[in-house]
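> The structure is given below, and queries will be raised subsequently.
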Amino acid sequence: MMIAKLSAVRSTCLAFPVGAVIVKHRQILATGYNGSPPGSPHCTAQGFCYEGLQKCTDNNLPSRSIHAEANAIAQAAKHGIRTEGAAIYVTLEPCLACLKLIISAGIKEVFYETLFNTGDRVTVRDFFVNDGLVTLKPIQISVAAAVQAADFLVNPTSISKD
Ligand SMILES: [Zn+2]
Ligand SMILES: [Zn+2]
1395 MMIAKLSAVR
1405 STCLAFPVGA
1415 VIVKHRQILA
1425 TGYNGSPPGS
1435 PHCTAQGFCY
1445 EGLQKCTDNN
1455 LPSRSIHAEA
1465 NAIAQAAKHG
1475 IRTEGAAIYV
1485 TLEPCLACLK
1495 LIISAGIKEV
1505 FYETLFNTGD
1515 RVTVRDFFVN
1525 DGLVTLKPIQ
1535 ISVAAAVQAA
1545 DFLVNPTSIS
1555 KD
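Take a look at the structure:
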C-alpha cells in the first residue's frame, strides 16, 4: 500500500489522486496512477480537467482519466506480464468498471485504503464478491511505517544511522 500511495503522487488528474500496484508472490508486477491518456494534456499541467471546470467530476462530466487500476493492468499487458492470480493494492476502492477489469485480468484480491462505492454500485460489487470472483479488503499503512517512509523521503535515504 505504501508503494500504491507513492504511485498516487504521480497522478495527473485534479479530481482524485489514486495509485495502484499489482503484486504476485510478494513481487511488484506493475504500477499505475490516475491520469489522462498518453498524449492528452494532463489536468494538473493545464490547471483544470475541462476548461472552466475545476474537476472532471463537476457537472457530472465523465472523467478524462484512465484510472490507476486500468493503467496498471494496461502496463502489464503492454509488457506481456501475466496478472492471473495476482493481488492489487489501490488507494481508492475500485469503481465498477475497474473492478470488472480486475476480475477479467484474473486478479483475485483487492486491498484498498478508502471506500468509494455507494448505493447501487455496492449491490453490484457485492454480487461479484459473493459469487467468489474477487475479494476486497480495506487496509491502512501503520503510522510507524508512514513515519519511517516520511523520514526516508525527506532525508537522504542511504545514510548510516549510527
Ligand atoms: Zn482531471
Ligand atoms: Zn476505476
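Per this note's numbering, the sequence shown starts with residue 1395, numbered consecutively. C-beta atoms are modelled at their ideal positions from N, C-alpha and C, and glycine is treated no differently.
Residues bridged to T1529 by DSSP?
Paired residue(s): E1503.
> Got a sec? Which residues, its chain only, sit under 8 Å from K1502 by beta carbon, not counting five neighbours each side?
Counting only Cβ-Cβ distances below 8 Å, and skipping sequence neighbours, we find G1479, A1480, A1481, V1528 and T1529.
> R1404: beta carbon under 6 Å from a heavy atom of ligand 1?
False, no ligand heavy atom lies under 6 Å from that Cβ.
> So is V1541 in contact with chain C if we call contact Cβ pairs under 7 Å?
Checking the listed chains, one finds no chain C in this structure; it contains a single protein chain.
> Cβ atoms of V1518 and L1486: under 7 Å apart, would you say?
For L1486 and V1518, no; Cβs fall outside 7 Å.
> Would you call the stretch 1395-1414 and the stretch 1452-1472 in contact, with 3 or more CB pairs under 8 Å?
These segments touch.
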